[in-house]
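A.B. asks: Residue numbers (our numbering), protein chains in the order written: chain A, 663 to 1089; chain B, 663 to 1089.
C-beta: ideal position from N, C-alpha, C; glycine also.
If you scroll down you'll find the structure; I have some questions about it.
There are 2 protein chains.
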Amino acid sequence: MVPHLTTALTGPLLDLEKRFLDSETAIEQWLRGWWLEHTPPFYASVDLRNAGFKLAPVDTNLFPGGFNNLNPAFLPLCVQAAMSAIEKICPEAKNLLLIPENHTRNQFYLQNVARLATILHHTGLNVRIGSLLPDITQPTTLDLPDGQKLTLEPVKRLGTDGRRLGLAGFDPCAILLNNDLSGGVPPILENINEQFLIPPLHAGWHVRRKSGHFGAYQEVANAFAALLDIDPWLINPEFGVCGKINFHERTGEECLAANVDTLLFRIRAKYKEYGISEKPFVIVKADAGTYGMGIMTVHDASEVKSLNRKQRNKMAVVKEGLQVTEVIIQEGVPTFETVDDSNAEPVIYMIDRYVVGGFYRVNTARGRDENLNAPGMEFKPLAFETGCLLPDAGQAPDAPPNRFYAYGVVARLALQAAALELERGAP
Amino acid sequence: MVPHLTTALTGPLLDLEKRFLDSETAIEQWLRGWWLEHTPPFYASVDLRNAGFKLAPVDTNLFPGGFNNLNPAFLPLCVQAAMSAIEKICPEAKNLLLIPENHTRNQFYLQNVARLATILHHTGLNVRIGSLLPDITQPTTLDLPDGQKLTLEPVKRLGTDGRRLGLAGFDPCAILLNNDLSGGVPPILENINEQFLIPPLHAGWHVRRKSGHFGAYQEVANAFAALLDIDPWLINPEFGVCGKINFHERTGEECLAANVDTLLFRIRAKYKEYGISEKPFVIVKADAGTYGMGIMTVHDASEVKSLNRKQRNKMAVVKEGLQVTEVIIQEGVPTFETVDDSNAEPVIYMIDRYVVGGFYRVNTARGRDENLNAPGMEFKPLAFETGCLLPDAGQAPDAPPNRFYAYGVVARLALQAAALELERGAP
Chain A
663 MVPHLTTALT GPLLDLEKRF LDSETAIEQW LRGWWLEHTP PFYASVDLRN
713 AGFKLAPVDT NLFPGGFNNL NPAFLPLCVQ AAMSAIEKIC PEAKNLLLIP
763 ENHTRNQFYL QNVARLATIL HHTGLNVRIG SLLPDITQPT TLDLPDGQKL
813 TLEPVKRLGT DGRRLGLAGF DPCAILLNND LSGGVPPILE NINEQFLIPP
863 LHAGWHVRRK SGHFGAYQEV ANAFAALLDI DPWLINPEFG VCGKINFHER
913 TGEECLAANV DTLLFRIRAK YKEYGISEKP FVIVKADAGT YGMGIMTVHD
963 ASEVKSLNRK QRNKMAVVKE GLQVTEVIIQ EGVPTFETVD DSNAEPVIYM
1013 IDRYVVGGFY RVNTARGRDE NLNAPGMEFK PLAFETGCLL PDAGQAPDAP
1063 PNRFYAYGVV ARLALQAAAL ELERGAP
Chain B
663 MVPHLTTALT GPLLDLEKRF LDSETAIEQW LRGWWLEHTP PFYASVDLRN
713 AGFKLAPVDT NLFPGGFNNL NPAFLPLCVQ AAMSAIEKIC PEAKNLLLIP
763 ENHTRNQFYL QNVARLATIL HHTGLNVRIG SLLPDITQPT TLDLPDGQKL
813 TLEPVKRLGT DGRRLGLAGF DPCAILLNND LSGGVPPILE NINEQFLIPP
863 LHAGWHVRRK SGHFGAYQEV ANAFAALLDI DPWLINPEFG VCGKINFHER
913 TGEECLAANV DTLLFRIRAK YKEYGISEKP FVIVKADAGT YGMGIMTVHD
963 ASEVKSLNRK QRNKMAVVKE GLQVTEVIIQ EGVPTFETVD DSNAEPVIYM
1013 IDRYVVGGFY RVNTARGRDE NLNAPGMEFK PLAFETGCLL PDAGQAPDAP
1063 PNRFYAYGVV ARLALQAAAL ELERGAP
């Protein structure tokens, strides 16, 4: 099912979806040509927001979790795309080491790891899971809610001078990271030159910045908008950046307030241009991966100047206790999609340059101008029933295959931006 | 649904399917490595026969019809595989000309052409259909039973000295043949050097020989059998060849009878080795593409010496009235699969090196030792419900995902054989 789109102003978005549909051949050709010049990330997921008047990515994850939330019917598509990706990166690989996040108690996440291992296994790889957790000192088998078992094994350096990474009795040709390196590169992952490390280390949040991604996205969106002769704003969330923020010491607040003000001004102008009666807002979040933490919805610059202690504490640290010193101020794109009266946002999954599925993140407790992926808050995944590859010109622009196609197109623009980021950030 | 397998002797095949399951990683690795050295055909379909004690390909089509018989749920898989194939062969292609067979009255075939055009369109190509039929002198739109329309346009030479092939107002970068060239290469397809011709002309039945294919298949089957430590006979149909046959003048009958005798002797020995109580038989068919014509089931060498006029006439000509002068004598593999008491055989479809689906050819009128794809005889297609990519080790070896995986493996061995054929036959 497709969530009921409750916007009162569907005009511009239906126009956009129709433009995508009409331009399918041109879009696919353009993308194919683009990928001849650039290397896609091994995998990615993109959070989108569909405002009815605007459809834009708001976050791109290069270590995607949530593969378990995809429709199992899309599994063959995942396997085929992974075969293609492996063929490009390390065709001769036999053993692959998958390194997950250190959340051994997050059952949802562990199911994602199990699903990823299944996909990779079916491509013809011996897959084992290596844990970076110091308390995993021997193979540890965890029971998953769906009856599966997952064995985590301690990673160790192997070979002469410990030049390789592996497990006891397992020397992989390739290492797939599903750990976003928010806390920096652990020493055990350093100086690995003989094995394929996928994605490269500089895809980690210790290096990556959301502003870098959305800067690259803006270039891509402009090129794509020129191809389709549309206003890039319809697919591009505007943003500003502030460095040297210290929420505890209340330094950098001026920069933040000024950026919020400027951005709200620009959004207001656009809303006026399109006759949109929504109240503009911005999202303030850590410029380095947030994992759903340290995110704030702001409707007025004054709000960031009058943060109370609790709010400041909340913004000051993200995953693994890291201090936030740089923030991105991103145009808020309200979600106008609801499922059973709960707000929902689509998340699109890609392997190599292929869209392999998606789901709706449905959150009963959050507003349509808020982040739906908050820590400690369970969202309900709703798998897309149909794929994102097969628009049907015979149906309305907002029919599921057509809406999902539009989602797949915008997600692939974000994938292009990620490819540019990785290309430019290469050491 | 999977047709009920009615064999009394499921032992050896269940063993084989189990071996495939247990060796999935080794099989996929081996295939991946093999394709690093060889180029897969753009597309292919393979007719398999599952005898309960043996699973073997009996025909490999490099201009596959029947894409319309696949489960529509596999369409995204077809599109993704076609994207990958196009990316390899002609990534910069924008316009593709599809040249079908000259069967404008075969509604089933025309639906295949429409399905192929849909798949290719979704990869991001402008697709138009060029007809070789002399009576298509202007764009001709045909109504298909499912409500679709298909427009055939006359092909013509374009450009300086007519060096290119296209349609009025349509200059393609790539030309995809879905015409098996049984009648030879029409002059209008000769000397095309500036455009991608897919598959190459020497994939046509004017050059190709079934014996060449099964000779190559035998090499592949032997290598694969060594990998899995199995008897290659379990997956390889044995064969002999006779050239210089003239069914009208009754020349070459001695060669035919001798080959039938030798082959039956070998089959008998194998049946004895495996304790199979079936009656051995061979299939005699034209060595150059038969399109289901000129095929004969033979249980004893005496049968080929006592053909009556009707039988000789039937064997003497195949598609487009071509005379048969070379025949292949192939080990008959009885099908033990039935659907509603009708005999059935699986047909597996591949694009590039990926299995994208399959269906059962169900024939109510034919015996399990007969060809099920006879002209003038309607077979009922039964699409596979699940794919061929995702064996499930938790289920029995003959559960649908596992049986279909085995089919996909053997079909890919035939695809390898086709790749060798094309490689060696390149002018």
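Under the three-state reduction of DSSP, which class applies to A:CYS917: helix, strand or coil?
C.D. replies: On the first sequence, residue 917 of chain A is found 255 positions in, with the first residue counted as 1. Residue state, collapsed to three classes: helix.
A.B. asks: Classify B:THR822 as helix, strand or coil using the three-state DSSP reduction.
C.D. replies: Start at 1 with the first residue of the second sequence, and residue 822 of chain B comes out as number 160. If DSSP states are grouped into helix, strand and coil, B:THR822 belongs with the helices.
A.B. asks: Given a cut-off of 7 Å on the beta-carbon distance, is the pair B:VAL989 and B:VAL944 in contact?
C.D. replies: In the second sequence, counting from the first residue as 1, residue 989 of chain B sits at position 327. In the second sequence, counting from the first residue as 1, residue 944 of chain B sits at position 282. No. Outside cutoff.
A.B. asks: In the DSSP assignment, what are the bridge partners of B:ASP709?
C.D. replies: Walking along the second sequence from the start, residue 709 of chain B turns up at place 47. Answer is B:ASP721 and B:VAL1009.
A.B. asks: Hey, which unbroken runs of the beta strand (DSSP E) at 3 residues or more fall wholly within the segment 859-898 of chain B?
C.D. replies: none
A.B. asks: Counting only beta-carbon atoms, is B:GLN742 nearer than 7 Å to chain A?
C.D. replies: For this step, residue 742 of chain B is matched to residue 80 along the second sequence. True, the Cβ-Cβ gap to chain A drops below 7 Å.
A.B. asks: Are B:ALA743 and B:ILE1010 touching if we call contact CB-CB under 7 Å?
C.D. replies: In the second sequence, the residue the question calls residue 743 of chain B occupies position 81. In the second sequence, the residue the question calls residue 1010 of chain B occupies position 348. Not closer than 7 Å, so no.
A.B. asks: Apart from the five residues on each side of it in sequence, which residues of its chain come closer than 8 Å, Cβ to Cβ, to A:ASN764?
C.D. replies: By one-based count along the first sequence, residue 764 of chain A stands at place 102. Contacts found: SER793, LEU794, LEU795 and ASN841.
A.B. asks: Going by DSSP, which residues form a beta bridge with A:SER793?
C.D. replies: Taking the first sequence and counting its residues from 1, the one referred to as residue 793 of chain A is at position 131. DSSP, once it has assigned bridges, lists A:PRO816 as partnering A:SER793.
A.B. asks: Which residues bound the alpha helix (DSSP H) around B:VAL775?
C.D. replies: On the second sequence, position 113 is the one that residue 775 of chain B refers to. Here the alpha helix (DSSP H) through B:VAL775 covers 769-784.
A.B. asks: Under 6 Å Cβ to Cβ from B:PHE886, same chain only, skipping five residues before and after it: list those, please.
C.D. replies: On the second sequence, position 224 is the one that residue 886 of chain B refers to. Contacts found: LEU1075.
A.B. asks: Identify, in the order they occur along the chain, each residue of the same chain with its Cβ nearer than 8 Å to the Cβ of A:LEU806, setting aside the five sequence neighbours on each side.
C.D. replies: For this step, residue 806 of chain A is matched to residue 144 along the first sequence. Only GLN769, LEU772, GLN773, ALA776 and LEU812 meet the Cβ criterion.
A.B. asks: Please report the straight-line C-alpha distance between B:THR803 and A:THR687, rounded to a whole angstrom.
C.D. replies: Counted from its first residue, the second sequence places residue 803 of chain B at position 141. Counted from its first residue, the first sequence places residue 687 of chain A at position 25. About 22 Å.
A.B. asks: What separation, rounded to the nearest whole angstrom, lies between the Cα atoms of B:THR669 and B:VAL1071?
C.D. replies: For the purposes of this step, residue 669 of chain B is taken as residue 7 along the second sequence, with counting starting at 1. For the purposes of this step, residue 1071 of chain B is taken as residue 409 along the second sequence, with counting starting at 1. The predicted position of B:THR669 is uncertain, since its pLDDT is 46 and thus under 50; no value can be drawn from it.
A.B. asks: Please check if any C-beta of chain A sits within less than 7 Å of the C-beta of B:THR672.
C.D. replies: Mapped onto the second sequence, residue 672 of chain B falls at position 10. Reliability of the predicted coordinates at B:THR672 is poor, the pLDDT of 48 falling under 50, and no value is obtained from them.
A.B. asks: Could you give the C-beta distance for B:GLU1083 and B:ARG870, rounded to a whole number, given that I count them as a contact under 8 Å?
C.D. replies: Residue 1083 of chain B sits at position 421 when you count from the first residue of the second sequence. Residue 870 of chain B sits at position 208 when you count from the first residue of the second sequence. Cβ atoms of B:GLU1083 and B:ARG870 come within 8 Å of each other, at about 7 Å.
A.B. asks: What residues in the segment 993-1020 of chain A bring their beta carbon closer than 7 Å to a beta carbon of chain B?
C.D. replies: TYR1016
A.B. asks: Would you list the one or two residues that DSSP bridges to B:ARG1023?
C.D. replies: As a first step, residue 1023 of chain B must be located in the second sequence, where it is residue number 361. Answer is B:GLU1007 and B:PRO1043, bridged to B:ARG1023.
A.B. asks: Starting from A:GLN742 and walking both ways along the beta strand (DSSP E), at which residues does that stretch end?
C.D. replies: Start at 1 with the first residue of the first sequence, and residue 742 of chain A comes out as number 80. Unbroken run through A:GLN742 is the alpha helix (DSSP H), 737-751; no beta strand (DSSP E).
A.B. asks: Quick check on DSSP: helix, strand or coil for A:PHE645?
C.D. replies: Outside the displayed range of chain A (663 to 1089) lies residue 645 of chain A, so it cannot be described from this structure.
A.B. asks: May I ask you to report which of helix, strand or coil DSSP gives B:THR802?
C.D. replies: Here residue 802 of chain B is taken as the residue at index 140 of the second sequence, counted from 1. It is a strand residue.
A.B. asks: For chain A, find out if any of its Cβ atoms is closer than 7 Å to the Cβ of B:GLU690; answer yes or no.
C.D. replies: Stepping through the second sequence from its first residue, residue 690 of chain B is reached at position 28. Yes - at least one Cβ of chain A is within 7 Å of the one on B:GLU690.
A.B. asks: Just the chain A side, please: which residues come within less than 7 Å of B:LYS756 by C-beta, in chain order?
C.D. replies: Within the second sequence, residue 756 of chain B is the residue found at index 94, counting from 1. What B:LYS756 touches in chain A: GLN691.
A.B. asks: Between the Cα of A:TYR933 and the Cα atoms of A:LEU698, A:ALA888 and A:LYS716, which residue gives the shortest distance?
C.D. replies: Against the first sequence, residue 933 of chain A aligns to sequence position 271. It is A:LYS716 whose Cα lies nearest to the Cα of A:TYR933.
A.B. asks: Are B:THR1048 and B:PRO1063 touching if we call contact CB-CB under 7 Å?
C.D. replies: Against the second sequence, residue 1048 of chain B aligns to sequence position 386. Against the second sequence, residue 1063 of chain B aligns to sequence position 401. Taking 7 Å as the Cβ cut-off, B:THR1048 and B:PRO1063 qualify as a contacting pair.
A.B. asks: Answer yes or no: do B:TRP692 and B:LEU889 have a C-beta to C-beta separation smaller than 7 Å?
C.D. replies: The residue given as residue 692 of chain B occupies position 30 in the second sequence. The residue given as residue 889 of chain B occupies position 227 in the second sequence. It is a contact, given that the beta carbons lie within the stated cut-off.
A.B. asks: Can you find at least 3 beta carbon pairs, one from the segment 677-686 of chain B and one from the segment 821-839 of chain B, that sit closer than 8 Å?
C.D. replies: Between the segment 677-686 of chain B and the segment 821-839 of chain B there are fewer than three C-beta pairs closer than 8 Å, too few to call the two in contact.
A.B. asks: Give the DSSP-derived three-state secondary structure of B:ALA1081 in the structure shown.
C.D. replies: In the second sequence, the residue the question calls residue 1081 of chain B occupies position 419. Here B:ALA1081 sits in helix by DSSP.
A.B. asks: Starting from the beta carbon of B:HIS784, find every residue of chain A whose beta carbon is closer than 7 Å, and list them in chain order.
C.D. replies: Here residue 784 of chain B is taken as the residue at index 122 of the second sequence, counted from 1. Those within 7 Å of B:HIS784 in chain A are LEU1051 and LEU1052.
A.B. asks: Our contact map puts A:PRO1053 next to A:PHE1021 with C-beta atoms below 8 Å; I'd like the distance itself, whole angstroms only.
C.D. replies: Counting from 1 along the first sequence, the entry for residue 1053 of chain A is found at position 391. Counting from 1 along the first sequence, the entry for residue 1021 of chain A is found at position 359. Actually they are not in contact, since the Cβ atoms of A:PRO1053 and A:PHE1021 sit about 19 Å apart, beyond 8 Å.
A.B. asks: Whose CA, out of B:ALA755, B:ASP797 and B:PRO762, lies closest to the CA of B:HIS783?
C.D. replies: As a position in the second sequence, residue 783 of chain B is number 121, starting the count at 1. Comparing Cα positions, the closest option is B:ALA755.
A.B. asks: Using a Cβ-Cβ cut-off of less than 8 Å, list which residues of the segment 717-735 of chain B approach chain A; keep chain order.
C.D. replies: ALA735
A.B. asks: Please tell me whether B:THR959 has its Cβ less than 7 Å away from any Cβ of chain A.
C.D. replies: What you label residue 959 of chain B is simply residue 297 of the second sequence in a count that begins at 1. Using a CB distance cut-off of 7 Å, B:THR959 does not count as an interface residue toward chain A.
A.B. asks: Please determine, among B:ASN898, B:MET958, B:PRO894 and B:GLY951, the residue with the shortest C-alpha to C-alpha distance to B:LEU918.
C.D. replies: Residue 918 of chain B sits at position 256 when you count from the first residue of the second sequence. Nearest to B:LEU918 by alpha-carbon distance, out of B:ASN898, B:MET958, B:PRO894 and B:GLY951, is B:MET958.
A.B. asks: Buried or exposed: where does B:ASP709 fall if 16 or more other Cβ atoms within 10 Å of its Cβ makes it buried?
C.D. replies: On the second sequence, residue 709 of chain B is found 47 positions in, with the first residue counted as 1. B:ASP709 should be labelled buried.
A.B. asks: What residues of chain A sit near B:ASN788, judged by a beta carbon separation below 8 Å?
C.D. replies: For the purposes of this step, residue 788 of chain B is identified with residue 126 of the second sequence, where counting begins at 1. Simply THR687.
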